[in-house]
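Protein chains: 2
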Amino acid sequence: MTMARTTIDDVAARAGVSIKTVSRVLNDEPGVRLETRDRVRLAMTALNYHPSLPARSLAGRRSNLLGLIYDDPSPTYVFNVQHGAMARCRESKHRLFVFSCKDLGDQVVPEVLAMAEQTHVDGLVLTPPLSANRELIAALDQRSIPFVRVAPDAFDHPSPRVDMDDSAATREMTQHLIGLGHRSIAFIAGHPEHHSSQVRLQAFRDCMAEYGLSAHLVEQGFNTVPSGAVATRRLIGRAEPPTAILASNSDMAAGVILVVHELDLDVPGRLSVASFDDAGISSIFWPPVTIIEQSGYNMAHAATDLLIRMVRGETVPGTTLLDHRLVVRRSTGPVSAFERDGRRLGAA
Amino acid sequence: MTMARTTIDDVAARAGVSIKTVSRVLNDEPGVRLETRDRVRLAMTALNYHPSLPARSLAGRRSNLLGLIYDDPSPTYVFNVQHGAMARCRESKHRLFVFSCKDLGDQVVPEVLAMAEQTHVDGLVLTPPLSANRELIAALDQRSIPFVRVAPDAFDHPSPRVDMDDSAATREMTQHLIGLGHRSIAFIAGHPEHHSSQVRLQAFRDCMAEYGLSAHLVEQGFNTVPSGAVATRRLIGRAEPPTAILASNSDMAAGVILVVHELDLDVPGRLSVASFDDAGISSIFWPPVTIIEQSGYNMAHAATDLLIRMVRGETVPGTTLLDHRLVVRRSTGPVSAFERDGRRLGAA
DNA sequence: TTGTAGGCGTTATCAA
DNA sequence: TTGATAACGCCTACAA
Chain R
0 MTMARTTIDD
10 VAARAGVSIK
20 TVSRVLNDEP
30 GVRLETRDRV
40 RLAMTALNYH
50 PSLPARSLAG
60 RRSNLLGLIY
70 DDPSPTYVFN
80 VQHGAMARCR
90 ESKHRLFVFS
100 CKDLGDQVVP
110 EVLAMAEQTH
120 VDGLVLTPPL
130 SANRELIAAL
140 DQRSIPFVRV
150 APDAFDHPSP
160 RVDMDDSAAT
170 REMTQHLIGL
180 GHRSIAFIAG
190 HPEHHSSQVR
200 LQAFRDCMAE
210 YGLSAHLVEQ
220 GFNTVPSGAV
230 ATRRLIGRAE
240 PPTAILASNS
250 DMAAGVILVV
260 HELDLDVPGR
270 LSVASFDDAG
280 ISSIFWPPVT
290 IIEQSGYNMA
300 HAATDLLIRM
310 VRGETVPGTT
320 LLDHRLVVRR
330 STGPVSAFER
340 DGRRLGAA
Chain Y
0 MTMARTTIDD
10 VAARAGVSIK
20 TVSRVLNDEP
30 GVRLETRDRV
40 RLAMTALNYH
50 PSLPARSLAG
60 RRSNLLGLIY
70 DDPSPTYVFN
80 VQHGAMARCR
90 ESKHRLFVFS
100 CKDLGDQVVP
110 EVLAMAEQTH
120 VDGLVLTPPL
130 SANRELIAAL
140 DQRSIPFVRV
150 APDAFDHPSP
160 RVDMDDSAAT
170 REMTQHLIGL
180 GHRSIAFIAG
190 HPEHHSSQVR
200 LQAFRDCMAE
210 YGLSAHLVEQ
220 GFNTVPSGAV
230 ATRRLIGRAE
240 PPTAILASNS
250 DMAAGVILVV
260 HELDLDVPGR
270 LSVASFDDAG
280 ISSIFWPPVT
290 IIEQSGYNMA
300 HAATDLLIRM
310 VRGETVPGTT
320 LLDHRLVVRR
330 STGPVSAFER
340 DGRRLGAA
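Structure (C-alpha cells):
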C-alpha cells in the first residue's frame with residue numbers, strides 16, 4: 000500500500016552507476032567525473048530523491064542535524080533565534096532540531112543529553128540562559144558534544160560564543176540620552192546573575208562619570224515585566240526623579256511603559272524611555288521605544304554557522320561580536336525646558 | 000577518542016537477554032515476563048541507555064518523530080503551539096521536529112515533502128495558514144503522510160481537525176458588549192481568505208440582528224497590525240463612530256490600541272475594545288484587552304494527541320472543538336452616559 | 001575515477 | 001516467553 004521510498008539504489012540504477020558514486024555526489028566528495036556527477040544529479044531530481052536522514056546518521060560520522068535549545072520565556076526572542084538558526088541550516092542542507100527546556104526544571108541536563116544522544120545531533124546551539132548553564136556545559140563537554148553559546152554570561156570556556164558588545168552599546172545609548180540634554184538618567188539593571196547585566200551597568204556608570212554625571216539612579220531589576228514596573232514606580236517616586244530611564248532589557252522596558260500609562264506620564268515630554276531589545280518585542284509598545292537593537296536572528300545565524308564549521312573540523316574564533324544598532328524612536332526626546340529649569344517630575 | 004554509544008547490545012548483555020527482548024521492553028510489547036522486563040529496565044537505567052532514533056526510524060515502521068509545520072507571522076502563536084505539541088510528545092516519548100515555512104514562498108510544498116521524507120516523520124501537525132493549503136494537503140494525501148489540521152479554514156477533507164467554535168465565541172463576545180449597553184458596535188473583519196474570518200463576521204451579524212441592532216460598522220482588515228489601525232481610523236472618523244470595536248484577531252487589535260493611543264481616546268470611557276486572542280499576545284497591551292481566549296497551546300496539544308493516535312492506527316474523530324473563554328479586562332466597559340445620550344465620539 | 005563488502009543500531013520475521 | 005537473523009538506507013574502508 001505504502002509507496003516504497005526512493006532510495007540511493009534507485010538513483011544509482013537510473014544513473015547507471017554504483018551507489019557509492021551517488022553517495023559521493025550527495026556529499027560533494029571529489030573524485031567523480033563531471034559528466035558522471037551531472038548524470039547522477041539528473042537522476043536525483045528526476046526521481047525526486049531525498050536521502051534518508053536516519054540512514055545517514057546511522058551510517059555516517061555526521062548526521063547533518065543540529066540542535067537548538069532554549070529556555071527563554073520570550074516568544075519573540077525564541078522566534079527570531081529559531082529562524083536565524085533555520086536559515087543558516089537551509090543554506091547548507093542541514094536540519095535543525097528545536098528543543099525547548101521550558102518547564103523542565105532540574106531535568107534540563109538529562110533531557111538535553113537524552114535528546115542529543117537519541118537524535119544524533121552533530122552539535123548544539125545554546126541560547127541564554129542555557130548558554131550560561133555550567134552544569135549543562137560540563138555535561139556536554141564530558142560527552143564531547145560540540146556546542147556554540149549565544150550571548151552567554153561570560154565565564155571562561157573554550158567553546159565559541161556569539162555575542163554583542165554590551166559595553167559599547169550601553170555607551171552609545173547613554174550618550175544618546177546625554178546628547179538630548181538629559182542629566183538625570185536612571186538605569187534599571189538586569190538580573191544580577193546575568194553577566195551582561197553587570198557589563199551594561201558598569202558601562203552606564205563609566206559613561207555617566209565620563210560626562211561628569213552622577214549615576215546614582217540605579218534600580219535593580221530581574222529582567223521581568225513586573226520588576227521593571229516596580230523599579231519605575233520607585234524611580235518616579237523619588238524626590239528628584241529622572242528625566243530618562245534606560246532599562247537593561249526589553250521586558251523591563253515593558254514594565255516601564257506599563258507604569259507610564261498607569262500614571263499617564265508624558266513620554267518623552269517629561270520622561271524619556273530607552274532599552275535594549277533582546278526580545279525584538281519593542282515595536283509593539285506605545286509609544287515606540289528607542290532601543291539598542293540586537294538581533295537574535297543574526298546571533299543565531301552566526302552561532303549556527305560557527306557550529307557547522309566546528310563540526311567540519313575547522314577552527315573557529317572563540318568570540319564573535321555582532322553589530323548592534325541604535326534605533327531612535329519617539330520614546331526619547333530632548334529634556335524639556337520645564338525639567339531643565341530644575342523642576343522635577345515629582346513636583347509636577 | 001569518542002565514547003562509544005550505549006546500544007541495545009549493551010543493555011541486552013547486562014540484562015542477560017537477547018536484543019530482541021530489550022526491543023520488546025522498549026516498545027512495550029507484550030510477551031515478556033514481568034521479571035525479565037524489570038531486569039531489562041534496570042539495565043537500561045543503569046547504563047543510561049537512550050535508543051537511537053535514527054536506528055529505530057530506519058528499521059521500524061515508525062520513527063516516533065512527529066513534525067510541526069507553521070508559517071505564521073506571530074511569534075507568540077508559534078511559541079504556544081510549539082509548546083503544546085512538544086508537551087504532548089513528551090508524554091509519550093515522541094520527538095517533535097519543528098519546521099518553519101517562513102519565506103519559503105512557492106517552495107512550501109516541495110520543502111515540506113522533502114523534510115517529511117528525509118526525517119521520516121510519522122505524521123504532521125499543520126497549523127494555519129498551512130492547515131488550509133490545498134496544494135500541500137493534496138501532496139500529503141498523495142504520499143499518504145498522516146496529518147492533523149489545526150484551525151483550518153473549513154474545507155471538506157477527511158483528515159482530523161482541531162478547532163474552536165468561532166461562531167459561539169463571537170456570539171459570546173458580542174453579547175458581552177451589548178450587555179454593557181453598546182448599540183453601535185464595529186467589527187474589524189479578518190483576512191477575507193480565512194474561513195474563520197467569515198464565520199466570525201457572520202456570527203457577529205447574526206447576533207446583532209438578533210438584538211435588533213444594525214451591523215453596518217464593518218471594516219475589512221487583513222489580520223495585520225496596520226490593517227487594524229487603518230480600519231480603526233476609518234471607524235473613528237465616521238459621522239457616527241462606534242462605542243465599541245471588536246477586532247477579529249489580536250494583531251488587528253494591536254492596531255486598534257495603537258490608534259487609541261495616537262488619538263488619546265479614553266478606553267473604555269469612550270470606546271470599548273475587544274478581540275480574539277489568537278496569538279496569546281493581548282496581555283501586553285495597555286490597557287489590557289478583553290478577549291476571547293483560544294489557546295494555541297491546547298489546540299496543538301490536542302492535534303498532536305490525535306496524530307499520535309492516528310499513527311497508532313486508532314480511529315479518531317473528524318472534528319475536535321476546543322473550549323474558548325471570554326476574558327473580561329479593562330478595555331471594555333459600560334457605554335457612557337455621554338454616548339448613550341446620542342452624542343458621539345466624533346463630535347467630542 | 002569507480003565499485004564491493006561490511007556495518008551503523010534498531011525492528012521485523014520467523015523459529016524455538 | 002524468548003531468540004537468531006535478515007533487513008532498513010546509507011557511509012566507511014578498502015579494492016580495482
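Which chain is which? The protein sequence lines are R and Y, in order.
For the first sequence, counting from 1, position 106 maps to 105 in numbering that gives the first Met the number 0; every step adds exactly one.
For the second sequence, counting from 1, position 77 maps to 76 in numbering that gives the first Met the number 0; every step adds exactly one.
Think of the CB as a built atom: it goes at the ideal place given N, C-alpha and C, for glycine as much as any other residue.
Of the residues R/Tyr210, R/Pro159, R/Asp140 and R/Ser195, the one whose Cα lies closest to the Cα of R/Gln174 is R/Tyr210.
For the stretch 198-274 of chain Y, the full-length beta strand (DSSP E) segments reaching 3 residues or more read 217-219 and 243-246 along the chain. In this structure, R/Leu112 sits near R/Ala138, with a CB-CB distance shorter than 7 Å. Counted as a single uninterrupted DSSP element, the stretch harbouring R/Phe146 is not any alpha helix (DSSP H) but the beta strand (DSSP E) occupying residues Phe146 to Val149.
Contacts with chain R at 7 Å (Cβ-Cβ) include Y/His260. C-alpha of Y/Ile290 to C-alpha of Y/Leu325: approximately 6 Å in a straight line.
Restricting attention to Y/Asn132, Y/Asp140 and Y/Arg142, the CA atom closest to the CA of Y/Val149 is found in Y/Asn132. In this chain, the alpha helix (DSSP H) harbouring R/Val80 covers Pro74 to Glu90. Under a criterion of Cβ atoms nearer than 7 Å, no residue of chain Y is adjacent to R/Arg233; the nearest Cβ is some 20 Å distant.
For R/Val97, the closest Cβ of chain Y is nearer than 7 Å.
When DSSP states are grouped into helix, strand and coil, R/Arg23 belongs to the helix group. The C-beta separation of R/Val266 from R/Pro286 comes to about 6 Å, placing the pair in contact by the 8 Å criterion. Think of a sphere of 7 Å around the beta carbon of R/Met85: the chain Y residues whose beta carbon falls inside it are Ser99, in chain order.
Of the candidates Y/Ala185, Y/Ala167, Y/Glu171 and Y/Pro127, Y/Pro127 places its Cα closest to the Cα of Y/Arg160.
The beta carbon of Y/Met43 lies closer than 7 Å to those of Val10 in the same chain, with the five residues before and after it left out.
Cβ-Cβ separation between R/Ala115 and R/Ile144: approximately 5 Å, consistent with a contact (criterion under 8 Å).
Around the Cβ of R/Asp102, a 10 Å sphere holds fewer than 16 other Cβ atoms; the residue is exposed. Judged by pairs of C-beta atoms under 8 Å, the stretch 242-251 of chain R touches the stretch 218-234 of chain R, as three or more such pairs exist. Look at the beta carbons and you see the stretch 28-40 of chain Y not touching the stretch 86-101 of chain Y: under three pairs across the two are nearer than 8 Å. For R/Glu116, the closest Cβ of chain Y is nearer than 7 Å. Inside the stretch 297-339 of chain Y, DSSP marks whole alpha helix (DSSP H) runs of 4 or more residues at positions 336-339, from first to last along the chain. Taking a 10 Å sphere around the C-beta of Y/His215, we find fewer than 16 other C-beta atoms and assign the residue as exposed. Within chain R, the residues placing a beta-carbon under 7 Å from that of Y/His49 are Ala113, Glu116 and Gln117, ordered along the chain. Residue Y/Gly189 holds the alpha-carbon nearest to the alpha-carbon of Y/Asn222 among Y/Leu270, Y/Gly189 and Y/Leu200. Contact with chain R is absent for Y/Phe275, since none of that chain's Cβ atoms lies less than 7 Å from the residue's Cβ. Within the stretch 180-193 of chain R, no residue has a Cβ lying closer than 8 Å to any Cβ of chain Y. Going by C-alpha positions, Y/Asn26 is about 19 Å away from Y/Arg13. Residues of the stretch 246-258 of chain Y with a C-beta atom less than 8 Å from some C-beta of chain R are Ala253, Ile256 and Leu257, listed in chain order. Scanning its chain for C-beta atoms nearer than 6 Å, with the 5 sequence neighbours on each side dropped, one finds around R/Thr169 the residues Arg199, Ala202 and Phe203, in chain order. Judged by beta-carbon spacing, Y/Gly180 lies within the 7 Å limit of Y/Val334, meaning their Cβ atoms are closer than that value.
In this structure, the straight-line span from the alpha carbon of R/Leu57 to that of Y/Gly312 is close to 28 Å. Chain R has no Cβ within less than 7 Å of the Cβ of Y/Phe221. Contact annotation: in the stretch 292-303 of chain Y, no residue has its CB less than 8 Å from a CB in chain R. Ranking R/Gly332, R/Ala301 and R/Arg328 by CA distance to the CA of R/Glu90 puts R/Ala301 first.
Counting every other CB atom within 10 Å of its CB across the protein chains shown gives R/Arg32 a total below 16, marking it as exposed.
Around the beta-carbon of Y/Gly236, fewer than 16 other beta-carbon atoms lie within 10 Å, marking it exposed.
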